[in-house]
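Residue numbers (the numbering used here): 14 to 413.
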């Protein structure tokens, strides 16, 4: 597919991915080991050159990710593949077509292959299923509805991504207690203290480069712990832990996007944790209603029935909780929020200062100062584009 260029785009349902779509393209979210974007790159063999994710994210420039772009930035003289960012792609046919061609997933349009000269179908980016004319190709994968699907599909994607992984044969995990016959893979520099339980009965375990697991801890597969992360004790099960995280306590069926800190006890289940989140000691969430019914989740378009009995919480980038914070089932916590003073409502606006339903705003300059300090402790710095995205979100939501 030499010469083809891949772009991911948002449709109108991207708003249902709040709080994450407020600060990052949906394609930069994770299920299994990989982001949706990296999954598309691996399947198509094409590097993604950008995210068509709207004006609010047009300046997105997070290190390691393609930038936010506008339709005018997409070179009409190149052969382009446009794919809906919320597709977890498994397989595609040859996309080097001679005429504009729709990409169909289970009969629904999720993108296009556009030869040189064909315009970007801007009128259909928001509702690609409305493009019902012309040739088509079938692709394989999953069309995700919201962040709850990242969690629901995560165990299956973890098993898929680690299929055929080699077993490290105890290297780096001397003295660990192994249960099950699945592989335990340790990348260079990863280490597991003696006495740690590695349970692969339900799936494999992968520890990335320079991961450290301290005892007492029990790791339950399928589980991926990204580079530079530390497991400080407790039970960590069936989760994707992004790079450079600190995790302790009871963690089950969660997705951590990276650079998050849960270094203390407390339960976190069926949750998606944004980047640079810091959870105070004893922070605990509910992921099951006491009537065992489906969990409904707030979105900007109204509450959505997830169709799932177990849904935890969704913590936006740079959110923080005080010690002892309790979070209800299906709670959406906006980016930059600082929760304290009781159980928050099931929808917390971005940059909330406190847990009250009408909590005032975390002042922008103070928020940015705190964020800069937190990132500097990990040797990172906020890029101008990401700073601009956060400033624009604050102005849009709080500056009125």
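Every residue gets a Cβ at the ideal spot worked out from N, C-alpha and C, and that includes glycine.
**Message:** Is the beta carbon of residue 137 closer than 7 Å to that of residue 67?
**Reply:** no
**Prompt:** Taking the continuous beta strand (DSSP E) assigned at residue 245, which residues delimit it?
**Reply:** Here the beta strand (DSSP E) through residue 245 covers 243-250.
**Asked** Leaving out five residues before and five after residue 151 in sequence, what residues of the same chain have Cβ atoms less than 6 Å from its Cβ?
**Response** 117
**Asked** Using the beta-carbon count (16 or more within 10 Å), is residue 46 buried or exposed?
**Response** buried
**Message:** The beta strand (DSSP E) that contains residue 316, what's its start and end?
**Reply:** Where residue 316 is concerned, there is no enclosing beta strand (DSSP E), given that its DSSP letter is neither H nor E.
**Request:** Express the C-alpha separation of residue 315 and residue 21 in angstroms, rounding to a whole number.
**Result:** 25 Å
**Item:** Nearest candidate by alpha-carbon position, reference residue 196, set 188, 177, 103 and 26
**Value:** 177
**Message:** Across the segment 51-63 and the segment 102-109, are there enough close Cβ pairs to call them in contact, namely three or more that are closer than 8 Å?
**Reply:** When Cβ pairs closer than 8 Å are counted between the two stretches, the segment 51-63 is seen to touch the segment 102-109, the count reaching three or more.
**Message:** Quick check: does the Cβ of residue 110 come within less than 6 Å of any heavy atom belonging to the ligand ADP?
**Reply:** This structure does not include the ligand ADP; it has no bound ligands of any sort.
**Request:** Look at the alpha carbon of residue 412 and the alpha carbon of residue 275, and state the distance between them as a whole number of angstroms.
**Result:** 31 Å
**Prompt:** Since residue 272 and residue 261 are thought to touch, with beta carbons under 8 Å apart, how far apart are those beta carbons, to the nearest angstrom?
**Reply:** No, residue 272 and residue 261 are not in contact; Cβ-Cβ is about 16 Å, not under 8 Å.
**Message:** Quick check on the DSSP output: the alpha helix (DSSP H) that includes residue 277 runs from which residue to which?
**Reply:** First-last for residue 277: undefined, no H or E at that position.
**Prompt:** Helix, strand or coil: which one does DSSP assign to residue 263?
**Reply:** Residue 263 falls in the strand class under three-state DSSP.
**Request:** Go through its chain and collect everything with a Cβ distance to residue 401's Cβ below 7 Å, but skip five positions before and after it.
**Result:** 72
**Message:** Restricting to Cα atoms, I'd like to know which of 250, 241 and 266 is closest to residue 256.
**Reply:** Cα-wise, what sits closest to residue 256 is 241.
**Item:** Beta-carbon spacing of residue 284, residue 258 below 7 Å
**Value:** At the C-beta level, residue 284 and residue 258 stay beyond 7 Å of one another.
**Prompt:** Where do the ends of the beta strand (DSSP E) carrying residue 63 lie?
**Reply:** 61-65
**Asked** Does DSSP put residue 143 in a helix, a strand or coil?
**Response** helix
**Asked** residue 212 to residue 191, Cα distance in whole Å?
**Response** Approximately 6 Å between the Cα atoms of the pair.
**Message:** Restricting to Cα atoms, I'd like to know which of 384, 16 and 108 is closest to residue 88.
**Reply:** Ranking 384, 16 and 108 by Cα distance to residue 88 puts 16 first.
**Message:** Could you give the first and the last residue of the continuous alpha helix (DSSP H) run that contains residue 173?
**Reply:** Note, residue 173: alpha helix (DSSP H), 167-174.
**Whole beta strand (DSSP E) elements within the segment 60-144, 3-residue minimum** = 61-65, 92-97, 100-104, 114-118 and 121-127
**Message:** With three or more C-beta pairs closer than 8 Å as the rule, is the segment 32-40 touching the segment 370-381?
**Reply:** no
**Item:** Start-to-end residues for the alpha helix (DSSP H) that takes in residue 409
**Value:** 397-411
**Request:** Return the CA-CA distance between residue 174 and residue 33, expressed in angstroms with no decimal places.
**Result:** Using only the alpha carbons, I get a separation of about 23 Å.
**Prompt:** What does residue 20 pair with, by DSSP beta-bridge criteria?
**Reply:** 63 and 95
**Request:** Check the C-beta distance from residue 218 over to residue 202 and give it rounded, since I have them as a contact under 8 Å.
**Result:** 16 Å between Cβ atoms; not a contact.
**Prompt:** When the Cα of residue 246 is compared with those of 230, 388 and 387, which residue comes out closest?
**Reply:** 230
**Prompt:** So, helix, strand or coil for residue 272, using DSSP?
**Reply:** coil
**Item:** Alpha-carbon spacing of residue 390 relative to residue 90, whole angstroms
**Value:** 44 Å
**Pick from 318, 299 and 313 that is closest to residue 307, judged by C-alpha positions** = 318
**Request:** Pull up the distance between the alpha-carbon of residue 114 and that of residue 99, whole angstroms please.
**Result:** Near 19 Å, if we compare the C-alpha coordinates of residue 99 and residue 114.
**Message:** Could you compute how far the alpha carbon of residue 126 sits from the alpha carbon of residue 35?
**Reply:** 28 Å
**Request:** Let me know the secondary structure DSSP gives residue 164 once reduced to three states.
**Result:** helix
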